[in-house]
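Numbering (the UniProt record's numbering), first residue to last: 1 to 447.
I have placed the structure first, in the form of C-alpha cells, so that the comments after it can refer back to it.
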C-alpha cells in the first residue's frame with residue numbers, strides 16, 4: 001500500500017516508531033551536561049593543585065634567595081708596584097767555543113766535563129814538537145843573519161872612515177851602506193818568523209780565556225785536529241754572572257726608558273717556566289738600540305749574580321720587571337672588578353646591606369690587586385665573591401669569618417659529651433631523639 005492510500009492511523013503509528021519518547025530526551029541531556037561539568041571540575045582541580053605547588057616552591061625559593069651571602073673587601077690606600085711580566089731566555093754573558101788554532105794530534109786533556117775552570121787554566125795540549133822544531137830553525141837563521149848584519153856594520157864604519165881620507169872610492173862606501181840596510185831587513189824578517197813560531201807553540205797549549213764551566217768535549221786524546229775545526233773542541237760558558245734576555249712591548253718602552261734614565265737601573269726577577277717560583281734577582285741597565293719590526297718589541301738584558309747557578313744557559317724563564325711603585329693609591333682586589341656593557345664596575349655594599357653597582361676607572365693591575373682612579377673611596381666595602389647572582393639593590397649577608405672556629409669548637413664539645421654519655425651507659429641516639437644536645441644548638445645558632 002502506497003502513501004496516498006494509507007490511512008491516518010497507519011501514519012500515526014509510523015511517526016511514533018521513528019521519534020523517541022519525550023521522557024528519554026531530557027534524561028540524555030542531563031547525563032551529557034553532568035559529564036561536561038565533571039570534566040571541567042577535574043581540569044580545574046588539577047590546574048589549581050599544580051599552581052599551588054609551584055607557588056609554594058616559588059615562595060620557598062624566594063624566601064631562600066632574598067638574601068645573597070657574599071664575601072667583601074675594603075677599599076684601602078697603599079703602595080702598588082708596577083710590574084711588567086715578560087718572557088725571557090737565559091743567555092751567558094760570555095760563551096766561548098774552544099777551537100784549535102794549529103794542526104796536530106791532541107796529546108792530553110786536562111779538564112773533566114762540566115768542570116769549573118779559571119781564566120788562564122790549560123785545557124788541552126796539541127803536540128807542540130813540530131812547531132818547536134820550526135821555532136828552533138827560525139832562531140838559528142835569525143842568529144846567523146844578525147851576525148852578518150854586525151859584520152856589515154863594522155865594514156861600513158871602516159869604509160866611511162876611508163872615504164873621508166880619500167882612501168877608497170865613493171861607490172864602494174855607498175854599496176856597503178846598502179848592504180847594511182839589506183841585512184837589517186833580513187834580520188827583521190827572521191824575527192817575525194821566530195815570533196810566529198813562538199805563537200804556534202803557544203797555541204798548542206789551549207788556555208781558558210774566561211772563568212766558566214766546560215761542557216762536553218767533542219774530541220778525545222789522540223785525535224788529529226785542524227786549525228779552525230768546525231764544532232771546536234768544547235764550549236766554555238761563563239756562569240757567574242749570567243744574563244737574561246727578555247723583550248718589552250713597544251707601547252711600554254716609554255715608561256721603562258723614562259724610569260731607567262731617572263734611576264739608572266731597574267730591579268728584575270727571574271721566575272721558573274711555570275711562573276710559580278722565583279729563581280734569582282738581578283738588575284737591568286740598558287735597552288737595546290732598536291725595535292724588532294717582526295715582533296714589535298725591544299730587547300733588554302738583566303744581569304744576575306747566579307752564585308748558586310740556578311739559572312742555566314738557554315733556560316726559558318719569566319721575567320718580572322719592576323718599573324715603578326705607585327704610592328698612596330686606592331687598591332681593591334682584582335676579583336672585585338666586574339665588566340658590564342658600560343665598562344668596569346664594582347658592587348659596593350650600602351648601609352642597608354644592599355649592593356649598588358658603581359662604575360670605576362681602573363689604573364694599574366697585577367695578579368691580585370687593581371688601582372682605582374675614580375668611582376669609590378677608601379673605606380668602601382666591595383663584593384669579591386658571590387657576584388654571579390647579584391643585581392643592584394640585592395639584599396646581602398656577610399658570613400662571620402669566626403664561625404668556622406666556633407663550629408669546630410662546638411663539634412669538639414659534642415664529641416666529648418658523646419664519649420662521656422657512652423661511658424655512663426647512655427646512647428647518643430636517645431639524646432638526639434630528645435633534642436637536648438646543647439652543642440648541636442650552638443652549631444645551629446652559629447650558622
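For glycine and all other residues, C-beta sits at the position ideal for the given N, C-alpha and C.
- Going by beta carbons, residue 265 and residue 284 fall inside the 8 Å limit.
- Shown here for residue 138: same chain residues with a beta carbon closer than 6 Å to its own, the five before and five after excluded, namely 193, 194 and 197 in chain order.
- Annotation for residue 183: the continuous alpha helix (DSSP H) segment containing it runs 170-203.
- Per the coordinates, the alpha-carbon of residue 146 lies some 21 Å from the alpha-carbon of residue 160.
- Boundaries for residue 159: no beta strand (DSSP E) harbours it, while the alpha helix (DSSP H) harbouring it runs 129-164, taken from the DSSP string.
- Residue 152 sits buried, since 16 or more C-beta atoms from the chains shown fall within 10 Å of its C-beta.
- Taking a cut-off of 8 Å for Cβ pairs, the segment 345-352 and the segment 92-101 do not touch, as fewer than three such pairs fall below it.
- By the C-beta density criterion, residue 297 is buried, having at least 16 other C-beta atoms within 10 angstroms.
- The three-state secondary structure of residue 43, taken from DSSP, is helix.
- Secondary structure at residue 113: coil, using DSSP grouped into helix, strand and coil.
- Here residue 321 carries a strand assignment [DSSP, helix/strand/coil].
- Shown here for residue 68: same chain residues with a beta carbon closer than 8 Å to its own, the five before and five after excluded, namely 386, 389, 390, 394, 395, 396 and 397 in chain order.
- Residue 95 is bridged by DSSP to 237.
- Around the CB of residue 167, fewer than 16 other CB atoms lie within 10 Å, so the residue is classed as exposed.
- Distance from the CA of residue 201 to the CA of residue 100, rounded to the nearest whole angstrom, comes to 12 Å.
- Sorting 311, 248, 280 and 305 by C-alpha distance to the C-alpha of residue 323 places 248 at the top.
- Per DSSP, residue 357 is one residue of the beta strand (DSSP E) stretching across 355-359.
- Between residue 108 and residue 325, the CB-CB gap reaches or exceeds 8 Å.
- With 16 or more other Cβ atoms inside 10 Å of its own Cβ, residue 320 counts as buried.
- Annotation: residue 242 to residue 215 spans about 16 Å, alpha carbon to alpha carbon.
- Spatial neighbours of residue 288 in its own chain (CB-CB distance under 6 Å, excluding positions within 5 residues in sequence) are listed in chain order as 298 and 299.
- In chain order, 207 and 208 place their CB closer than 7 Å to the CB of residue 120, counting only its own chain and leaving out the 5 sequence neighbours on each side.
- DSSP links residue 312 through a beta bridge to no other residue.
- Of the residues 169, 43, 175 and 98, the one whose Cα lies closest to the Cα of residue 238 is 98.
- The three-state secondary structure of residue 124, taken from DSSP, is strand.
- Residue 210 is not a Cβ neighbour of residue 231, given a cutoff of 8 Å.
- The C-beta distance from residue 75 to residue 378 rounds to 6 Å, short enough to meet the 8 Å contact threshold.
- The alpha-carbon separation between residue 306 and residue 375 amounts to approximately 45 Å.
- Distance from the Cα of residue 88 is smallest, within the candidate group 233, 357 and 302, for 302.
- About 13 Å separates the Cβ atoms of residue 246 and residue 273, ruling out a contact at the 8 Å cut-off.
- The distance from the Cβ of residue 270 to that of residue 286 is about 18 Å, inconsistent with a contact at the 8 Å cut-off.
- When DSSP states are grouped into helix, strand and coil, residue 391 belongs to the coil group.
- Scanning its chain for C-beta atoms nearer than 8 Å, with the 5 sequence neighbours on each side dropped, one finds around residue 314 the residues 89, 90 and 91, in chain order.
- The beta carbon of residue 155 sits closer than 6 Å to the beta carbons of 176 from its chain, once the five residues preceding and following it are set aside; these are given in chain order.
- Per DSSP, the continuous beta strand (DSSP E) segment holding residue 249 begins and ends at 242-249.
- At least 8 Å separates the beta-carbon of residue 134 from that of residue 223.
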